[in-house]
Amino acid sequence: MHENYDVLIAAGGDGTLNEVVNGIAEKPNRPKLGVIPMGTVNDFGRALHIPNDIMGALDVIIEGHSTKVDIGKMNNRYFINLAAGGQLTQVSYETPSKLKSIVGPFAYYIKGFEMLPQMKAVDLRIEYDGNVFQGEALLFFLGLTNSMAGFEKLVPDAKLDDGYFTLIIVEKSNLAELGHIMTLASRGEHTKHPKVIYEKAKAINISSFTDLQLNVDGEYGGKLPANFLNLERHIDVFAPNDIVNEELINNDHVDDNLIEE
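Every letter in the sequence shown is one number past the one before it in UniProt numbering, and letter 48, counting from 1, is 48.
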């Protein structure tokens with residue numbers, strides 16, 4: 001990539017954004033990122049309140065407000081929204097394209113509930129900021145925003161620029177418990193469930209003796225083991241001014257170009 005670009009516009013879904021972020025993350029002078037959501041779910045766009053229509057998204061870029069957001073580094077790759085592991089996290093790339101074209105994001109919920117009876121817990125070791133989880137779990141998420149897999153309240157206290165991942169671990173549960181957790185997650189009420197571990201961490205290491213696939217920004221992301229590091233305020237993204245009012249960014253970090261004159 002040419003070093004002197006000031007703005008880079010990505011039109012696509014979360015997978016497209018992932019590729020773009022991997023292209024600029026290691027640049028010393030990174031261009032501002034404009035996002036035009038054109039995927040099925042568009043988790044990152046949802047988190048930043050970017051309109052799903054092309055002209056609305058372009059207006060956000062033209063208005064010129066931007067904010068710096070955290071990204072994650074997983075081994076030698078980068079991600080902008082989430083990394084996850086467990087059978088249910090394979091939903092995004094196992095859902096048929098035809099179903100997605102018919103019902104949109106609801107296709108993931110349909111496929112997810114279809115997969116619930118097949119889910120099996122795996123033994124995991126998760127080290128996070130001096131703490132350790134060792135045990136059987138059905139799935140885990142490392143979130144950077146409040147929107148993951150179409151669940152807009154999965155991280156109800158999300159900050160886009162605080163330097164922390166939100167780590168969610170769902171411990172071994174029966175089918176009824178898991179269904180209840182998913183229902184609670186749709187309302188942001190899952191964080192106190194006894195089978196849910198909900199923590200904040202800057203650095204995380206995850207390993208398992210099981211051959212476990214990873215989902216990174218909605219795409220296949222390789223397999224465990226994996227080391228994760230939060231890169232605080234690493235990417236500058238065009239966003240509507242109202243994300244300040246929604247408390248999605250820290251007031252201490254509000255940039256001058258994100259405040260109405």
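Using N, Cα and C, we set each Cβ at its ideal position, and we do this for glycine too.
Beta carbon of residue i nearer than 9 Å to that of residue j
i, j, result
"VAL21", "ALA57", "no"
"ASP14", "GLY39", "yes"
"ALA158", "LEU175", "no"
"ASP129", "GLU232", "no"
"GLY188", "PRO225", "no"
"ARG125", "GLN134", "yes"
"GLY72", "LEU212", "no"
"HIS234", "ASP70", "yes"
"MET55", "GLY221", "no"
"ILE243", "LEU48", "yes"
"ILE80", "VAL7", "no"
"residue 293", "ASN18", "Residue numbering for the chain in the displayed model covers 1 to 261; residue 293 lies beyond these limits and cannot be assessed."
Contacts around residue i, its chain only, beta-carbon distance under 6 Å, and the 5 residues preceding and following it disregarded
i, result
"ASP236", "LYS32, SER66, LYS68"
"ILE259", "Confidence at ILE259 is low in this model, with a pLDDT of 44, below 50, so the placement of that residue should be treated as unreliable; the coordinate-derived value is given next. The answer is none, since no qualifying residue turns up."
"TYR198", "ILE168, THR191"
"GLU127", "ASN205"
"LEU154", "MET148, ALA185"
"ASN76", "none"
Cβ-based neighbour list, residue i, same chain, cut-off 7 Å, excluding 5 preceding and 5 following
i, result
"TYR164", "LYS200, ALA201, LYS202, ASN230"
"LYS195", "VAL170, GLU171, SER173, GLU177, ILE181"
"LEU184", "HIS190, HIS193"
"LYS223", "ASP211, LEU212, GLN213, LEU214"
"GLU63", "none"
"GLU152", "ARG46, ASN146"
"TYR5", "PRO31"
"ASN42", "GLY13, ASP14, ASN52"
Integer-rounded CB distance, given that residue j should sit under 8 Å from residue i
i, j, result
"THR210", "VAL132", "Going by Cβ atoms, the distance from THR210 to VAL132 rounds to 18 Å, so no, they are not a contact pair."
"PHE228", "LEU142", "6 Å"
"ALA137", "LYS172", "7 Å"
"ARG46", "SER186", "Their Cβ separation, rounded to whole angstroms, is 14 Å, which puts ARG46 and SER186 out of contact at 8 Å."
"ALA239", "ILE9", "Not a contact, Cβ separation roughly 14 Å."
"TYR78", "ALA25", "4 Å"
Residues near residue i by beta carbon distance below 8 Å, same chain, minus five either side
i, result
"GLU261", "Unreliable placement is indicated for GLU261, whose pLDDT of 40 sits below 50; no coordinate value is reported for it."
"ASN250", "LYS159, ASP161, ASP162"
"PHE140", "ALA84, GLY85, GLY86, LEU124, ILE126, LEU167, ILE168, ILE169, VAL170, ILE206"
Proximity test, Cβ basis, 9 Å: residue i and chain C
i, result
"ALA121", "The question asks about chain C, but that chain is absent: this structure has only one protein chain."
* To do: Taking 8 Å as the threshold, find out whether the segment 177–187 comes into contact with the segment 217–234 through three or more Cβ pairs.
  => no
* To do: Mind listing, in chain order, the continuous alpha helix (DSSP H) runs of no fewer than 4 residues lying wholly within the segment 38–89?
  => Annotation note: the segment 38–89 contains the following uninterrupted alpha helix (DSSP H) runs of length 4 or greater, listed N- to C-terminal: 43–47, 54–63.
* Asked: Quick one: complete beta strand (DSSP E) runs, 3+ long, within the segment 161–189?
  -> The qualifying runs are 165–171.
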